[in-house]
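Asker:
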Amino acid sequence: MGTTVRRAVLLGGLLWMAGVAQATAPEKVALPRQLQFDFKATVQADGSVMDVEPDVALPEPIRAMIRTRVATWRYTPLRWQGIAVPSPVLQRIQAETVSMPNGGVALRVIEVTGQTKTFRSADRPAGVPMPPPRFPPELMRENVNAVLVYSVLYDEAGKPQQVDLVYPAKSDRVTKRLDQAARDAMREWVAPQTFGGEAIVCRARVPITFTTTVDGRSLRVPPEVDASFGKYTDLCPATKLETEVVGTFL
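Residue 221 is where the sequence shown starts when you use our numbering, and the numbers rise one by one after that.
1) With DSSP run on the structure shown, which of helix, strand or coil describes ASP446?
2) What did DSSP end up calling MET465 once you bin it into helix, strand or coil?
3) Considering just the uninterrupted stretch of the beta strand (DSSP E) at ALA402, what are its terminal residues?
4) If you draw a straight line from the alpha carbon of ARG299 to that of GLU280, how long is it in whole angstroms?
5) Use the C-beta contact count for GLY378: other C-beta atoms within 10 angstroms, 16 or more gives buried, fewer gives exposed.
6) Please list, in chain order, all residues of the same chain as GLN256 whose beta carbon is under 8 Å from its beta carbon, the five residues on each side excluded.
7) May I ask you to list the residues that DSSP assigns as paired with TYR295?
8) Which whole-angstrom value describes the C-beta separation of VAL369 and VAL386, a residue pair presumed to lie in contact below a C-beta threshold of 8 Å?
9) On the criterion of 16 or more Cβ atoms from any shown chain inside 10 Å, does THR453 qualify as buried, or is it exposed?
10) For GLN381, count the other beta carbons within 10 Å of its own beta carbon; 16 or more makes it buried, fewer makes it exposed. Which is it?
11) Mind checking whether LYS460 and THR296 have CB atoms under 8 Å apart?
12) What separation, rounded to the nearest whole angstrom, lies between the Cα atoms of ARG407 and VAL445?
13) If contact is defined by three or more beta carbon pairs under 8 Å, each pair taking one atom from either stretch, is the segment 396-415 in contact with the segment 358-374?
14) With a CB to CB cut of under 6 Å and the five nearest residues on each side skipped, what residues in its chain are close to ARG361?
15) Can you find the residues in the same chain that come closer than 6 Å, C-beta to C-beta, to TRP293, ignoring five residues on each side of it along the sequence?
16) Give the range of the alpha helix (DSSP H) segment to which PRO281 is assigned.
17) Is ARG425 helix, strand or coil by DSSP?
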């Protein structure tokens, strides 16, 4: 049994009152500060969510709670050239335990992450080459940690035809070396983009993370960087959570 599941079992006796999941913590039992819950679902063409299936290893009260909450969320559906289609998503809820005034415990959403690309979008088939960049040795010795974000236009064969560095905007010695390493790797990439089983030409947001001393997930990209991709009309199809869930309770 994984650590996350073991921790979830501690909250397996959850009761939810007034729309907020709560549990009474037994005396001298230390509840975990943070938990994560995986689920899969189907995003309909209108952005609504159906067939929510939380991790089967979770206690049923928590599974029921996740099904109820996620079913109220809305997503940007998978869309290409004005056509929207249903698509599966796999996501992870990061939540924290919060002590309530009545002595109970609630679960508050910190972040929703995970695989949001789907079988019909920009996923590359198994065995298709997509080698990672080589970390420049001298920068590794300097304990460099950085994330670069690119706009990559793929042709119908999945080869990058146009690669633009979007972030960081300012280029220094470190950025130039990492950028070169990333571009060297991308020249070898083959990442076919499809919609409804047909190959398409489209543009993708591609983050590349270089880390030595920190968890790559802690490297944040300013929100305006992601917002800048809204100017493109040829973005590869992908679903996106629209509902503002951070800070809400499960």
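Ideal Cβ positions, reconstructed from N, Cα and C, are used throughout, including at glycine.
Answerer: So, from the data block:
1) In the sequence shown, residue 446 corresponds to position 226, counting from 1. Residue state, collapsed to three classes: helix.
2) As a working mapping, residue 465 is identified with position 245 in the sequence shown. The residue you asked about is not Met; residue 465 is Val in the sequence shown. Coil.
3) To locate residue 402, count along the sequence shown from 1; it is residue 182. Not the beta strand (DSSP E): ALA402 falls in the alpha helix (DSSP H), residues 393-406.
4) Residue mapping note: residue 299 aligns to position 79 of the sequence shown, counting from 1. Residue mapping note: residue 280 aligns to position 60 of the sequence shown, counting from 1. The alpha-carbon atoms of ARG299 and GLU280 are separated by roughly 34 Å.
5) Along the sequence shown, one-based indexing puts residue 378 at 158. With 16 or more Cβ atoms within 10 Å of its Cβ, GLY378 is classed as buried.
6) Numbered from its first residue, the sequence shown carries residue 256 at position 36. Within the same chain, GLN256 has close Cβ partners THR224, ARG312, ILE313, GLN314, ALA315.
7) If you number the sequence shown from 1, residue 295 lands on position 75. Bridge partners of TYR295: LEU461.
8) The residue you call residue 369 lines up with position 149 of the sequence shown. The residue you call residue 386 lines up with position 166 of the sequence shown. Right, their Cβ atoms sit about 5 Å apart.
9) For this step, residue 453 is matched to residue 233 along the sequence shown. Counting Cβ neighbours within 10 Å, THR453 comes out exposed, since fewer than 16 surround it.
10) Locating residue 381 in the sequence shown gives position 161, counting from the first residue. It is exposed - the Cβ of GLN381 has fewer than 16 other Cβ atoms within 10 Å.
11) Working through the sequence shown from its first residue, we reach residue 460 at position 240. Working through the sequence shown from its first residue, we reach residue 296 at position 76. Going by C-beta atoms, LYS460 is nearer than 8 Å to THR296.
12) Working through the sequence shown from its first residue, we reach residue 407 at position 187. Working through the sequence shown from its first residue, we reach residue 445 at position 225. Near 24 Å, if we compare the C-alpha coordinates of VAL445 and ARG407.
13) yes
14) Within the sequence shown, the letter at position 141 stands for residue 361. Closer than 6 Å at the Cβ level, and outside the excluded window around ARG361, lies no residue.
15) As a working note, residue 293 is residue 73 in the sequence shown. Same-chain partners within the cutoff: VAL269, THR463.
16) Counted from its first residue, the sequence shown places residue 281 at position 61. Where PRO281 is concerned, the enclosing alpha helix (DSSP H) stretches over 280-290.
17) Taking the first residue of the sequence shown as 1, we reach residue 425 at position 205. ARG425: strand per DSSP, three-state reduction.
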